[in-house]
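Here's the structure, in structure tokens; my notes come after.
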Amino acid sequence: MRVAFLGPPGAGKGTQARELAREWGVPHVATGDMLREAASAGTPLGREAKAYMDTGALVPDDVIIRMIAERLRRPDARKGFLLDGFPRTIAQAEGLERLLEDLGQPLERVVYFEVSEPELLRRLTGRRVCRACQTAFHMVSAPPRSPGVCDRCGGELYQREDDSEATVRHRLGVYARQTAPLLDWYRGRGMLVSVPGEGPIETIRGAVRGAAAGARA
Ligand code: AMP
433 MRVAFLGPPG AGKGTQAREL AREWGVPHVA TGDMLREAAS AGTPLGREAK
483 AYMDTGALVP DDVIIRMIAE RLRRPDARKG FLLDGFPRTI AQAEGLERLL
533 EDLGQPLERV VYFEVSEPEL LRRLTGRRVC RACQTAFHMV SAPPRSPGVC
583 DRCGGELYQR EDDSEATVRH RLGVYARQTA PLLDWYRGRG MLVSVPGEGP
633 IETIRGAVRG AAAGARA
């Protein structure tokens, strides 16, 4: 199973990826999570990335491609991987294609999560995330059982700095300009499958399973 999840911020990629990577027994490779970890650890990579992330801009392609190359060369990625939030530019997709060719492990499917812009804004501005396990909640539509505490692991919930309304609008613009062109790029290669990203989480999960199952055909 070598799959990438593509879609705007707030489309539900991370929520589905965390469950499905476990189900499929492959590593969940989320560049946003990796960068946030590096930023809170204060590594040179993290410090460089944070300046971009805080404004909602993309971290430069060469930094991201190096980070992904290091990650996908690790032994646990030999059985497959689920990419979440990467690639996000045509240059990243080209870098990934070259890397996977070197590794003899081509990408099989790209699953695109389709969600309307008003729904993305609603989800992102109300989102709260667990510091420990990254599980996402929504203050109104999916609140935790006790306020501020993760149902799954008891960790502390927080609002990501880039989930403020102004930064969210900027991120959606960045998506439209820099990431959306990947839809045609992957469609042209016959790799793109779309799933409706609105509705009950379980229904969406079923659609993603179906879309990714094509990867094994
Ligand atoms: P995410 O958690 O996927 O919403 O990513 C949060 C932020 O991390 C983005 O707004 C970017 O600043 C940065 N980031 C994550 N993945 C990438 C990527 N593939 N390319 C460039 N920047 C990224």
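Numbering (our numbering), first residue to last: 433 to 649. C-beta atoms are modelled at their ideal positions from N, C-alpha and C, and glycine is treated no differently. What you are looking at is a predicted structure, and each value in this text was computed from that prediction instead of being measured.
Quick check: what's the CA-CA separation for residue i versus residue j?
i, j, result
"L467", "G646", "30 angstroms"
"I628", "C582", "Residue identity differs from the one stated: residue 628 is Pro in this sequence, not Ile. Approximately 27 angstroms between the Cα atoms of the pair."
"A436", "Y590", "27 angstroms"
"E455", "V495", "30 angstroms"
"M571", "R555", "9 angstroms"
"E526", "R559", "32 angstroms"
"A509", "A612", "26 angstroms"
Identify the residues that DSSP records as bridge partners of residue i: which are they?
i, result
"R637", "According to DSSP, R637 bridges with nothing at all."
"C562", "L589"
"R544", "It should be noted that the sequence gives Tyr, not Arg, for residue 544. Paired residue(s): L438 and S626."
"A574", "H570"
"D516", "F437 and A462"
Going by beta carbon distance, what residues of the same chain come within less than 8 angstroms of residue i, once the five residues before and after it are set aside?
i, result
"A649", "Confidence in A649 is poor, its pLDDT being 43 and thus under 50, which makes the residue's placement unreliable; the coordinate value appears in the next sentence. Cβ neighbours of A649 beyond the five flanking positions: none."
"L553", "G442, E597, V600, R601 and L604"
"G488", "D594, T599, V600, H602, R603 and V606"
"E502", "none"
"R637", "Q448, E451 and L452"
Could you give the C-beta distance for residue i and residue j, rounded to a whole number, given that I count them as a contact under 8 angstroms?
i, j, result
"E551", "E630", "6 angstroms"
"V543", "A453", "That pair is no contact at about 13 angstroms."
"G512", "R609", "Not quite, the Cβ-Cβ distance comes to about 31 angstroms (not below 8 angstroms), so this is no contact."
"L504", "L477", "Contact flag wrong, Cβ pair sits at about 16 angstroms."
"G587", "R621", "Incorrect: roughly 39 angstroms between the Cβ atoms, too far for contact."
Taking 7 angstroms as the limit between beta carbons, can you name the residues of its chain near residue i, skipping five residues before and five after?
i, result
"D486", "E593 and D594"
"K482", "A471"
"G642", "none"
Take residue i and list the residues in its own chain whose beta-carbon comes closer than 6 angstroms to its own, dropping the five residues that flank it on each side.
i, result
"E546", "S626, P628 and G629"
"G464", "G517"
"V491", "A481 and Y484"
"E451", "none"
"A523", "D493"
"P507", "none"
Within the chosen definition, does the stretch 518-530 reach the stretch 441-452 through at least 3 CB pairs nearer than 8 angstroms? Fewer than three Cβ pairs drawn from the stretch 518-530 and the stretch 441-452 lie within less than 8 angstroms of each other, which leaves the two stretches out of contact.
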